[in-house]
Every structure is written in C-alpha cells, then in structure tokens.
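Engineer: Chains as they are written, first to last, in the numbering used here: chain S, 2 to 193; chain V, 2 to 193. To start, I am sharing the structure in question, which I have written as structure tokens.
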DNA sequence: CTACAAAACTAACAATTGTTAGTTTGACTT
DNA sequence: AAGTCAAACTAACAATTGTTAGTTTTGTAG
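Here it is in structure tokens:
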C-alpha cells in the first residue's frame, strides 16, 4: 500500500487543530503552534499563508465531508427514515473518530472564519435542511413520533455535535459498538 | 414589589457575557465591552477588577446554581428515577432560559478560568457524578434500559448543554411546552 | 450653592499579537 | 566540490492587548 507521507503543511494543521481544541482559535498564537513543533513562529510561514488559512482549511474540509455524506444518504432508495437516521449517526461517529480535533474546531470556532464564513454557513444550513426533510418524511410515513421536528433535530444534532468531547476519552466504549448503543438511546429512548 | 435595580457592575457583566457568547472570551477585548456600553475601556475598571473576574463571576454563579439544583433533586424522596431525570431536564431548561449568555460562556470558556478553574471542575465532576448515580439506580430498579450509563449520560447531557443555542431563537416552541416535548424525546425516543 | 462621591475621561505602559524581510543551515544531486 | 532547494533562523514592524495613574465631569444631598 502506497502511503503519501504527511506534508509539513499538514503537520502544522494537525498541530494547530489540537491546540485549537484545547483553548480555542483566538487563544492560540502562532508562537504556540511553532513551539509545539519545536520551531520558530516565522518558520511557519514557509508552509502556510496565514493563521486564518489554517482555520479555514480545517473547517471547510470537514464541512464538505458532511455535505458529501449527507448527499449519499438523501439519495439512498428503498430505505426507511429510521435507517436514514442511523446512517446520519454513523456518518457523525465516523468523521468524529477520524478527526476529533477538527470537529472541535469546526463546532467552536466557525464564527472566526473570515473569507469563507458565508460558504460554511451555507453548507451547514443545507445539511440541517436535509436532516429536517428526513425527519418530516419519517413523521408523515408514521415511522417517527409526531413531535415537532425542530425538537428532534435539536436533540439529536446536539448529541452528535458533542461526540468530539467523548470519543477520544472512551476507546473502550467505542470498540464495543458505540454506534449501535448510541442509535438505540437516541432513537428509542432510555425508559425500560 | 421592590426591585433592586441593576448595579453598574452587573451591567458590565451582562454586556460582556453577550459578547462572550458571540465570539468567545479570548476574542472579546475590554475595548469591545466598553464600546458596547458607550464608554472607554479604562472606565470599566471603576467597577470591576479584571477581565478574568468577569469570566469567573459568570461561570461560578451558574455553576453553583446547578450544584444547588442537583442537591435538591438528589435529596428528593418517594420519586422514581424517571421523575428525577425530568427534574434535571427542568433545571437545565429553567437556568438556560434565564441566562442563555451565561450558559454559553460557561460551556465554551471555562478553560480560560485562572484562579477558580479547579473549583469549577470540582463542581462539574460532582454534578456529573450525581447524574450518573441517578442513572445507575434507574437501571437497577428496572426503570431505565440496561444500557451503559455513560452513553445515556453523554447523550442527555449533550442535548441539555446545547440548549443555550436554541432557546433564544425559539420563543414559540418554548411557550407551548418545550419541557414536556424535550423530556418525551430524550426519555422515550423518536421512533413511533 | 456647595460638597462629595460615583463614574467618566485622557494618556500612557509593557507585553503580546500576526506577519514580513532577509539570511543561514543542512541534506541531496550533480 | 559545488550547486540547489526546502526549511529553518534572526530581527524587526505596526497594531492591539489588559491595565494603571491621575484628572475631570456629573448628579445628588445638605
């Protein structure tokens, strides 16, 4: 298997996103990032254009990954709404397991985007709208409870968006089917 | 009804927390806060000791409110675990409706606490541990599904901690029983 | 009208910020 | 041995940061 090794720029982004996760974009300085790599701040600029570009790279990459994933789910045929919800949950778990720090950065620091803020917001609105449509169809078909879809949307999405906080700490839980149990709790509740 | 009018310091905190909610503690400057009040940054120091004190006031006040609320729930007798969960949900909805910006600040900027970080973390650990105990009792008594309590805890708490994002935008939903519907979705799920 | 306290102001500080310019290092290739 | 090129370095900048000191304004009670 050929493995393209990490470029220096990717290394910087990876270092930066770990710091962003801990303290947030605004509280992390270029000197912090440089120090974590064992070099001086000015050296970073041989590889990246600006601090803002690091943020933008992180958020847009993940945002587009969600957009693609949701498009596939929407396009899936012969599938119940419940199964679509399960696939949404799976999408979040997968992306979060592979990029916990990027997820933290997207969730917490999107408002510091400068050039690409509007684009990001559009991706997010579209994603949420697709989610809403799936819920509405589920209610129409009688597969979901007839509760205000906004409440369901809020409730599920809040949990999924917080996954980055828990996944890195709970390797144990993950290995034994986080996905199945999480789906069970979110879809069928907790009462016996 | 006698109404103690807001002190200047409280006005500053209220202005600051709204800005913290939008951009986060680190991205808000003392000049931002001052400008929002129509005065100069130096004037703030007639009323407060430091930027850090503003943050600390906000977070500790809310943190202690949760601690007190949870203590009452734990102490309640002749109550099922389900009813305890409902009271936890009610506690979050109430505090969040009354202090959406403070909730945002506590959730997003606690890591920037300097003097009182350890105290805050202790409050939070105790709160989560009480929550966990309630879940375990519920499972033992057969009132809750026998799912790993960590997953239930994570799932419910994620939703409750995100309430600050939605409550200010959804006056409509709130008036017609947010509490009941949210409890329904979180406790009994969404499948029909 | 005067006195006093609250709350604003101006001016400045030392530290830190993101970033640029120009230079040096060090590992390969020829 | 000489040349090349990525990637590090030093030094500096202009702007912004939280905060302080000292002074003036404002409103109210005697």
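Note that the Cβ used here is the ideal one computed from N, Cα and C, for glycine as well. None of the values given here were measured: they were computed from a predicted structure.
Assign residue 114 (chain V) to one of three DSSP states: helix, strand, or coil.
Structural biologist: In the structure shown, residue 114 (chain V) sits in coil (DSSP, three-state: anything other than H, G, I, E or B).
Engineer: In the structure shown, what three-state DSSP assignment does residue 192 (chain S) receive?
Structural biologist: Strand at residue 192 (chain S).
Engineer: Nearest-angstrom Cα distance between residue 53 (chain S) and residue 66 (chain S)?
Structural biologist: Whole-angstrom Cα-Cα distance: 20 angstroms.
Engineer: Since residue 17 (chain S) and residue 34 (chain S) should fall inside the 8 angstroms C-beta cutoff, what is the C-beta to C-beta distance between them, to a whole number of angstroms?
Structural biologist: 5 angstroms between Cβ atoms; contact.
Engineer: Using a Cβ-Cβ distance under 8 angstroms, would residue 112 (chain V) count as near chain S?
Structural biologist: True, the Cβ-Cβ gap to chain S drops below 8 angstroms.
Engineer: Find the nearest neighbour of residue 50 (chain S) within the set S:88, S:13, S:73, judged by alpha-carbon distance.
Structural biologist: Measuring from the Cα of residue 50 (chain S), the nearest candidate turns out to be S:13.
Engineer: Could you tell me the alpha carbon to alpha carbon distance between residue 115 (chain V) and residue 153 (chain V), rounded to whole angstroms?
Structural biologist: Approximately 31 angstroms between the Cα atoms of the pair.
Engineer: Grab the span of the alpha helix (DSSP H) containing residue 93 (chain S) for me, first residue to last.
Structural biologist: Element bounds for residue 93 (chain S): 82-99.
Engineer: Which chain S residues sit within Cβ distance under 7 angstroms of residue 14 (chain V)?
Structural biologist: Within 7 angstroms Cβ-Cβ: nothing; residue 14 (chain V) doesn't reach chain S, min ~20 angstroms.
Engineer: With a cut-off of 8 angstroms, does the C-beta of residue 1 (chain V) fall near any C-beta of chain S?
Structural biologist: The structure shown does not extend to residue 1 (chain V), since chain V spans only 2 to 193, so no value can be given for it.
Engineer: With DSSP as the reference, please indicate the residues paired to residue 122 (chain S) in a beta bridge.
Structural biologist: Residue 122 (chain S) pairs with nothing; no bridge assigned.
Engineer: Which one of V:139, V:178, V:93, V:111 has the shortest CA to CA distance from residue 61 (chain V)?
Structural biologist: It is V:111.
Engineer: Find the nearest neighbour of residue 165 (chain S) within the set V:170, V:159, V:167, judged by alpha-carbon distance.
Structural biologist: Of the candidates V:170, V:159, V:167, the one whose C-alpha sits nearest the C-alpha of residue 165 (chain S) is V:159.
Engineer: Quick one: is residue 70 (chain V) near chain S, going by C-beta distance under 8 angstroms?
Structural biologist: Not an interface residue.
Engineer: Does the contact criterion of 3 or more C-beta pairs under 8 angstroms hold for the region 128-138 of chain S versus the region 168-175 of chain V?
Structural biologist: Because the criterion of three Cβ pairs below 8 angstroms is not met, the region 128-138 of chain S and the region 168-175 of chain V do not touch.
Engineer: Candidates S:148, S:143, S:56: which alpha carbon is nearest residue 180 (chain V)'s?
Structural biologist: When each option's Cα is compared against that of residue 180 (chain V), the closest is S:148.
Engineer: By a C-beta neighbour count over all protein chains shown, 10 Å radius and 16 as the cutoff for buried, is residue 2 (chain V) buried or exposed?
Structural biologist: Low local confidence applies: a pLDDT of 41 at residue 2 (chain V) is under 50, so the model's placement there is unreliable, with the coordinate-based value given in what follows. It counts as exposed.
Engineer: Is it buried or exposed for residue 29 (chain V), if we count other Cβ within 10 angstroms and need 16 for buried?
Structural biologist: It is buried - the Cβ of residue 29 (chain V) has at least 16 other Cβ atoms within 10 Å.
Engineer: Name the chain V residues whose beta carbon is nearer than 7 angstroms to that of residue 129 (chain S)?
Structural biologist: Under the 7 angstroms cutoff, chain V gives no residues; its nearest Cβ is about 12 angstroms from residue 129 (chain S).
Engineer: Report the residue from S:7, S:58, S:101 whose alpha carbon sits nearest the alpha carbon of residue 120 (chain S).
Structural biologist: Checked all of S:7, S:58, S:101; the closest Cα to residue 120 (chain S) is S:58.
Engineer: Near residue 105 (chain V), what residues of its chain come up, given a Cβ to Cβ distance below 8 angstroms and the 5 sequence neighbours on each side ignored?
Structural biologist: Hits under 8 angstroms: 18, 21, 22, 165, 166.
Engineer: Within 8 angstroms (strictly less), CB to CB, does residue 137 (chain V) reach chain S?
Structural biologist: Closer than 8 angstroms: no.
Engineer: List, in order along the chain, the chain V residues whose C-beta lies closer than 8 angstroms to that of residue 144 (chain S)?
Structural biologist: By Cβ distance, chain V contributes 192, 193.
Engineer: Where does residue 48 (chain V) land, buried or exposed, given buried means 16+ other C-beta within 10 angstroms?
Structural biologist: Looking at its Cβ environment, which holds fewer than 16 other Cβ atoms inside 10 Å, residue 48 (chain V) is exposed.
Engineer: Kindly indicate which residue of S:27, S:8, S:78 has the alpha-carbon position closest to the one of residue 135 (chain S).
Structural biologist: Residue S:78 is the option with its Cα nearest to residue 135 (chain S).
Engineer: Is any beta-carbon of chain S found at less than 8 angstroms from that of residue 28 (chain V)?
Structural biologist: Answer yes: the Cβ-Cβ gap between residue 28 (chain V) and chain S drops below 8 angstroms somewhere.
Engineer: If I follow the unbroken alpha helix (DSSP H) through residue 51 (chain S), where does it start and stop?
Structural biologist: That residue, residue 51 (chain S), is in no alpha helix (DSSP H); it is neither H nor E in DSSP.
Engineer: Per DSSP, which one or two residues make a beta bridge with residue 180 (chain V)?
Structural biologist: DSSP output for residue 180 (chain V) lists no bridge partner at all.
Engineer: Note down, in chain order, every chain V residue with its Cβ under 9 angstroms from the Cβ of residue 183 (chain S).
Structural biologist: Going along chain V in sequence order, the residues near residue 183 (chain S) (Cβ under 9 angstroms) are 152, 155, 156.
Engineer: Might you give, ordered along the chain, the residues of its own chain that have their beta carbon closer than 7 angstroms to the beta carbon of residue 186 (chain S), omitting 5 neighbours on each side?
Structural biologist: Closer than 7 angstroms at the Cβ level, and outside the excluded window around residue 186 (chain S), lies no residue.
Engineer: Can you pull the chain S neighbours of residue 187 (chain V), defined as C-beta to C-beta under 8 angstroms?
Structural biologist: The contacting residues are 156, 190, 191.
Engineer: Residue 213 (chain S) versus chain V: which residues are under 9 angstroms apart at the beta carbon?
Structural biologist: Residue coverage of chain S in this structure runs from 2 to 193, which leaves residue 213 (chain S) outside it and unanswerable.
Engineer: Against chain V, which members of the region 69-100 of chain S pass a CB distance test of less than 9 angstroms?
Structural biologist: For the region 69-100 of chain S, which is checked against every Cβ of chain V, the residues closer than 9 angstroms are 83, 86.
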